[in-house]
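Single-structure report; data block below.
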Amino acid sequence: MYISPSRKRLIFGILSSLAVLLLLAFAVFQWKRQQLLAYALDAVKAKVERKYPVILTLGPASFVGFKTVEIAGMSLVPRATPTDTLLTAKRLQASLSVRSLFAGRPVFSELEILTARLTARKTATSNNYSFLVKKQKASTVPVDTTKGTNYGLLLNQVLETAFDNVPGEARFRDFYVSYLSARHTAFLRLPELKIEGGDISGRLTANIDSVSNELGISGQIEPGDYALTARVFGVGGSVQLPYVPRRFGAMVSFDTVLVRLDGKDFENNSTGGELTVRGSVAARNFSLYHPKLAADEIEVKRGSLDFVATLGRGTVALEKGSQVMVNKIVLFPEISVRMKPSRAIAIKVSSGETQANDFFSSLPTGIFDEVRGVQGTGTLTYSMSGSLDLAQVDSLKFDSRLQGKNFKLTSFGEGEQDLSKLNTAFQHTVYNDKGDSVRTFAVGPPNPDFVPYNDVSPYLIHAITTAEDPRFFAHKGFMEKAFVKSAIQNIKEKRFARGGSTLSMQLVKNVFLTRQKTVARKVEEALIVWLLENTRIASKQRMFEVYLNIIEWGPSKYRWPSGKRGVYGVKDAALFYYGKNPSELNLSESLYLASIIPKPKYSRYSFDAYGGLRSSTRYFFRLIANIMAARGLIRDADRENMPYSLNLNGPARQFMNFAARPDTTRTTTAADSSQFEPLNLIDLLNTGATTPDAGVNSGAPAVTPPKEPK
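If you count the sequence shown from 1, position 184 lands on 184 in the numbering used here, and the numbers rise without skipping.
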């Protein structure tokens, strides 16, 4: 296309003018931008100080590129504590929008902070950081504050403060964070942490309450939706949770955890508000240890929790729709906890149908080690519900059920823990309270001390079942009513005051488990009992036969002439106390053996100093004999003619070292009865004696058994 010379000159003139204008504008910008930058930083300072009660101090600032600003130092100090600096940084860099700068509303992005120090402190009366927490607007609804702390309101404030202050893009290098209080200390070092377009990545070293971890972090965050996905993993080892050891005496660790928050809803109400959060937590190689839970670490290779949680004033709840996965077992929990006016908890857990082998292979190690190797066909389903209000402990409710569908065992376990060994002669080792082995013996015909079920006195069989487990031959291993009653008493007395174990549970405890009193042992005990009772691995008669031949029945310090130690099994018991065979035991002898099963080491304290039965033992005899007679287990004549004394003709009499009963016969001179006042029967009954079994010398104190060692 032809352009005339005049048109060319016109175009050139226009372009030259534009270039000159641009050069002039750039020159003006270069000349004025430092002033504009100072204005922009003053605006930022004013905005921060209007929003928070702080003093923001910024160091010299300059452009190091066309739009990159560098600030040589900054500090943030609360006005309330001007000598207590909250945040310092050696250098800051950020991109400044030129357009926003000329518009008078500066917008910074791509923030980079180098060598920063955040120091939070808390004392009994004050702190230097609470002003950062976003305050909730005053509710127009009257608030009931008598029900404790509003956990929903607190968590909502924390979430809003955290998400609202997340920068769009930022990079932290050499960032130190410390928290100091009378109860806790925390030190975090972040060599680098990046937030770019919602993506988060970085590493940090954390020392919290003396628990040190080196962590890697990656994930995404969407501040506007209160959504977060974060993967936290250990660098060079597992991650141990802080605070838990100090607060609960437990240790919790994992290799990797994935945390997801899908959002939140906060609703004002008469209690000050209720928060609902949704999300999930998944962990690999999760480990938990507490001496009251288990002797070893409880480990789950893969576990997850999808949660719908509601928090309010004094309440926390895991709502319907939550799901827990333990390896291949899927559970659906619903849990609610109320803190005031009295602590109360309600729980409901159910599972889907799980293939038997998936169920057994998914059980956490450290709890179910004794059933490792058990296999089966069919499916298993578990359900549990319970509730407790500590202000009304008697209201305790509990129900737990494991149900099988076409379930059958194909493998009974391995080695010493083979459940089917109950049907054959097997070697059994007994231990003392310290965990040291006392002796090992065969449970079966190879052992001359073994006594078959039919060679045991019926009096003893009925006395034990009546006292320990009346429905042993009818139930399937559990008596929930007895368990609930014992739990109520234990909660009231704040100690293990009463057991709720059936004979099946006692058998499993003695044959397959350790003597340690832990939650894990109790849970494993329940599972083994269920397997024994519901698959009929052994008959009830055989289970009772094994029980009679292994339980402890006297002092472990006693040594027999043959060299064996302790009193274990019914034959030892009959010989040790009475010098006779188990088939020859009478009713009184059987009742005594039944009475000492809970505390066999303290069998001596059933007697007074001279070998007579104490009143508490005689009461036990009368109570159990009456029940046995009422149930037709003994004749009324047996009960009525039962002596409340024992002939200890075995080694027990010498071992217990009773005192010789003194001769109380006195010779007196005959007196003239006319010198005495008429006999007052009331005075005769009121003898002043406090213990009927305190011996002839009523001034001597009764012997009180010591507490059983824990």
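Quick reminder that beta carbons are idealized off the backbone N, C-alpha and C, glycines included.
Apart from the five residues just before and just after A630, which ones in its own chain have a Cβ nearer than 7 Å to its Cβ?
Looking up residue 630 in the sequence shown gives position 630. So the list is empty, once near-sequence residues are dropped.
Exercise. Cα separation between T535 and E192?
Worked result: Numbered from its first residue, the sequence shown carries residue 535 at position 535. Numbered from its first residue, the sequence shown carries residue 192 at position 192. Cα to Cα, the separation comes out at about 59 Å.
(message) Between the alpha carbons of D719 and G366, how many angstroms are there, rounded?
(response) An answer regarding residue 719 cannot be provided, because it is not within the stretch 1 to 710 covered by the chain.
For R338 and N686, the rounded distance between their alpha carbons:
Taking the first residue of the sequence shown as 1, we reach residue 686 at position 686. Taking the first residue of the sequence shown as 1, we reach residue 338 at position 338. Its pLDDT being 34, under 50, N686 is placed unreliably in this model, and the coordinates cannot settle the point.
Spell out a yes or no on whether the region 605-620 and the region 585-596 are touching, meaning 3 or more CB-CB pairs, one atom from each, closer than 8 Å.
yes
Notebook entry, point to check: Is H462 helix, strand or coil when you go by DSSP?
Noted result: Locating residue 462 in the sequence shown gives position 462, counting from the first residue. Helix, per DSSP.
Quiz item: Just how far apart, CA to CA, sit I3 and K67?
Solution: Translated into positions along the sequence shown, residue 3 becomes position 3. Translated into positions along the sequence shown, residue 67 becomes position 67. Going by the C-alpha atoms only, they are around 40 Å apart.
- Do the CB positions of P78 and F163 come within less than 8 Å of each other? Reading the sequence shown from its first residue, position 78 is the one you call residue 78. Reading the sequence shown from its first residue, position 163 is the one you call residue 163. No, these two residues do not count as a Cβ contact at 8 Å.
### Message
Just verifying my parser: in three-state terms, what is the DSSP assignment at A309?
### Response
Reading the sequence shown from its first residue, position 309 is the one you call residue 309. Correct three-state label for A309: strand.
Note to self: Ignoring anything shorter than 4 residues, give me the alpha helix (DSSP H) runs that lie fully in the region 113-196, in order along the chain.
What the structure shows: 151-164
Exposed unless 16 or more other CB atoms sit within 10 angstroms - verdict on D469 = What you label residue 469 is simply residue 469 of the sequence shown in a count that begins at 1. Taking all protein chains in view, the Cβ of D469 is crowded by 16 or more other Cβ atoms within 10 Å, so the residue is classified as buried.
Alpha-carbon to alpha-carbon, L92 and A309
As a working mapping, residue 309 is identified with position 309 in the sequence shown. As a working mapping, residue 92 is identified with position 92 in the sequence shown. Going by the C-alpha atoms only, they are around 40 Å apart.
Worksheet item: Going by beta carbon distance, what residues of the same chain come within less than 8 Å of E353, once the five residues before and after it are set aside?
Response: As a first step, residue 353 is located in the sequence shown; it is residue number 353 there, counting from the start. Taken in chain order, the residues that qualify are T379, L380, T381 and K405.
| message | So that I know if they touch, is there some Cβ in chain D lying closer than 8 Å to that of A660? | response | The question asks about chain D, but that chain is absent: this structure has only one protein chain.
I believe D209 touches G234 by the beta-carbon criterion, under 8 Å. Please report the beta-carbon distance rounded to the nearest angstrom.
Locating residue 209 in the sequence shown gives position 209, counting from the first residue. Locating residue 234 in the sequence shown gives position 234, counting from the first residue. Contact doesn't hold; Cβ gap of about 18 Å is too wide.
Check: R631 by DSSP, collapsed to three states: which one?
Finding: The residue labelled residue 631 in the question sits at position 631 within the sequence shown. Coil, per DSSP.
**OP:** Let me know the secondary structure DSSP gives Y592 once reduced to three states.
**Re:** Along the sequence shown, read from residue 1 onward, the residue named residue 592 stands at position 592. In the structure shown, Y592 sits in a helix (DSSP, three-state: H, G or I).
* Asked: Could you give the C-beta distance for D455 and P582, rounded to a whole number, given that I count them as a contact under 8 Å?
  -> On the sequence shown, residue 455 is found 455 positions in, with the first residue counted as 1. On the sequence shown, residue 582 is found 582 positions in, with the first residue counted as 1. About 6 Å; that satisfies the 8 Å criterion.
**Message:** Three or more C-beta pairs under 8 Å: does that hold for the region 258-265 against the region 202-216?
**Reply:** no
Could you check whether S645 and L613 sit closer than 8 Å to each other, using their CB atoms as the reference points? The sequence position of residue 613 within the sequence shown is 613, counting from 1. The sequence position of residue 645 within the sequence shown is 645, counting from 1. Closer than 8 Å, so yes.
Handout entry: For G611 and G376, the rounded distance between their alpha carbons
Key = Position 376 of the sequence shown, counted from the start, is the residue given in the question as residue 376. Position 611 of the sequence shown, counted from the start, is the residue given in the question as residue 611. Rounded to whole angstroms, G376 to G611 spans 54 Å at the Cα level.
Residue interval of the beta strand (DSSP E) (run including T440): Your numbering for residue 440 matches position 440 in the sequence shown. Unbroken beta strand (DSSP E) run through T440: S437 to V443.
Next item on the list: In the DSSP assignment, find the unbroken beta strand (DSSP E) run with P78 in it and report its ends.
Entry: Position 78 of the sequence shown holds residue 78. M74 to P78 is the extent of the beta strand (DSSP E) around P78.
Do G303 and V371 have their CB atoms nearer than 8 Å?
Translated into positions along the sequence shown, residue 303 becomes position 303. Translated into positions along the sequence shown, residue 371 becomes position 371. For G303 and V371, no; Cβs fall outside 8 Å.
*Are the beta-carbon atoms belonging to I298 and A520 less than 8 Å from one another?*
Along the sequence shown, read from residue 1 onward, the residue named residue 298 stands at position 298. Along the sequence shown, read from residue 1 onward, the residue named residue 520 stands at position 520. Result yes, Cβ atoms of I298 and A520 sit closer than 8 Å.
Tell me which residues share the same chain as V443 and place their Cβ nearer than 8 Å to its Cβ, disregarding the 5 neighbours each side in the sequence. Indexing the sequence shown from 1 puts residue 443 at position 443. Around V443: A425, F426, Q427, H428, F450, V546, N549 and I550.
| message | Output needed for L305: all residues of its chain with C-beta closer than 6 Å, excluding positions within five of it in sequence on either side, in chain order. | response | Within the sequence shown, the letter at position 305 stands for residue 305. Within the same chain, Cβ atoms closer than 6 Å to the Cβ of L305 are found at V281 and V324, the five residues on either side in sequence being excluded.
| said: As a quick exercise: from Q392, R635, M384 and R439, pick the residue whose alpha carbon is nearest that of S400. | reply: By 1-based counting over the sequence shown, the position of residue 400 is 400. Looking at the Cα atoms, M384 is the closest of the given residues.
- Cβ contact check for the region 553-566 and the region 521-529: 3 or more pairs under 8 Å: no
Q) Which ranges does the alpha helix (DSSP H) cover as unbroken runs of at least 4 residues, wholly within the region 339-364, from first to last along the chain? A) If we require 4 residues or more, the alpha helix (DSSP H) runs fully inside the region 339-364 come out as 356-362.
* Enumerate in chain order the residues of its own chain whose CB-to-CB distance from K522 is below 6 Å, with the five nearest sequence positions on each side excluded. => The count along the sequence shown starts at 1 and reaches residue 522 at position 522. Same-chain partners within the cutoff: there are none.
Coil, strand or helix - E110 by DSSP:
By 1-based counting over the sequence shown, the position of residue 110 is 110. Strand.
**Message:** For I11 and S95, I'd like the C-alpha separation in whole angstroms.
**Reply:** For the purposes of this step, residue 11 is identified with residue 11 of the sequence shown, where counting begins at 1. For the purposes of this step, residue 95 is identified with residue 95 of the sequence shown, where counting begins at 1. Looking at the two C-alpha atoms, the distance is approximately 36 Å.
I'd like to know whether the C-beta atoms of L388 and A317 end up nearer to each other than 8 Å. Against the sequence shown, residue 388 aligns to sequence position 388. Against the sequence shown, residue 317 aligns to sequence position 317. In this structure, A317 does not lie closer than 8 Å to L388 by Cβ.
What three-state label does DSSP hand D636 in the structure shown? Reading the sequence shown from its first residue, position 636 is the one you call residue 636. The answer is helix: DSSP assigns D636 an H, G or I state.
Looking only at its own chain, which residues have a Cβ that is under 8 Å from the Cβ of L155, when we skip the five neighbours before and after it?
-> Residue 155 sits at position 155 when you count from the first residue of the sequence shown. So the list reads L275, V277 and L311, once near-sequence residues are dropped.
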